[in-house]
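First residue of the sequence shown: 20, per the numbering used here; consecutive thereafter.
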Amino acid sequence: MKRINYPLLLIFIISGCCTINSATTAKRAAISPLPGYAVKNPSSLTDAVTYFAVRKRADFENTFSAAQIMGGSVQYPDFFEEIVVGVAVKPSNKEMYLNFEKAELVGNNLNVFYTYDYSWKELSISSSPTIVATVPKGDGIKTVSFYSQSTLRKVITL
20 MKRINYPLLL IFIISGCCTI NSATTAKRAA ISPLPGYAVK NPSSLTDAVT YFAVRKRADF
80 ENTFSAAQIM GGSVQYPDFF EEIVVGVAVK PSNKEMYLNF EKAELVGNNL NVFYTYDYSW
140 KELSISSSPT IVATVPKGDG IKTVSFYSQS TLRKVITL
């Protein structure tokens, strides 16, 4: 007859019940809109929606241009401390609205959530709706993931 080692059995039972949760939790990140910017060359947008994650000033200046704002100037990003994220829609004569909801850090990934809404109202000119914002760089951000309507749309490796 085999003898059961009860202390060893107890250790196996306890270790099976005490699992360590290794999943990284999401930490809210500040997202600050940068109004007054548009894609420099909207005709170059070949996808229905184009996503941007920019870490360098030169890349930002090659991608976006500042619009004239009555009574003021546009805010310029601080590339030592911020990453610029953006979403642009292919030019259309339909009215469309884009808005950033939130940003969160999950490990080395920055998740950016945005919403969009459009109407069938025809505009007299074609436009390319664009939203641009800054997010603190944080330590070790390697990818930026864009979500709309709770669906992952694009992942950009920095």
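Where is the CB? At the ideal position from N, CA and C, for every residue including glycine.
Between residue 116 and residue 97 a beta carbon distance of about 27 Å is seen, past the 8 Å cut, so the two are scored as non-contacting. Put simply, the backbone Cα of residue 169 is about 25 Å away from that of residue 57.
The three-state secondary structure of residue 45, taken from DSSP, is coil.
Listed in chain order, the non-local C-beta contacts of residue 138 below 6 Å within the same chain comprise 114, local neighbours out to five positions each way being set aside. Distances from the CA of residue 156 to each of 128, 141, 83, 52 were compared; the closest alpha carbon is that of 128.
Looking at 51, 44, 46, 45, the one whose alpha-carbon comes closest to that of residue 151 is 51. Under the DSSP assignment, residue 74 falls outside any beta strand (DSSP E); it carries neither an H nor an E label. Of the candidates 111, 53, 126, 121, 111 places its Cα closest to the Cα of residue 140. For residue 132, same chain residues with a beta-carbon under 6 Å away, outside a window of 5 residues either side, are 120, 121, 166 in chain order.
Here DSSP, grouped into helix, strand and coil, assigns residue 80 to helix.
Judged by DSSP in its simplified three-state form, residue 148 adopts coil rather than helix or strand.
Judged by beta-carbon spacing, residue 143 lies beyond the 7 Å limit of residue 61, meaning their Cβ atoms are not closer than that value. Sorting 76, 177, 104 by C-alpha distance to the C-alpha of residue 149 places 104 at the top. The beta carbons of residue 76 and residue 102 sit about 12 Å from each other, so the pair does not count as a contact at 8 Å. Within the same chain, 125 come within 8 Å of residue 44 by CB-CB distance, once the 5 residues on both sides are set aside.
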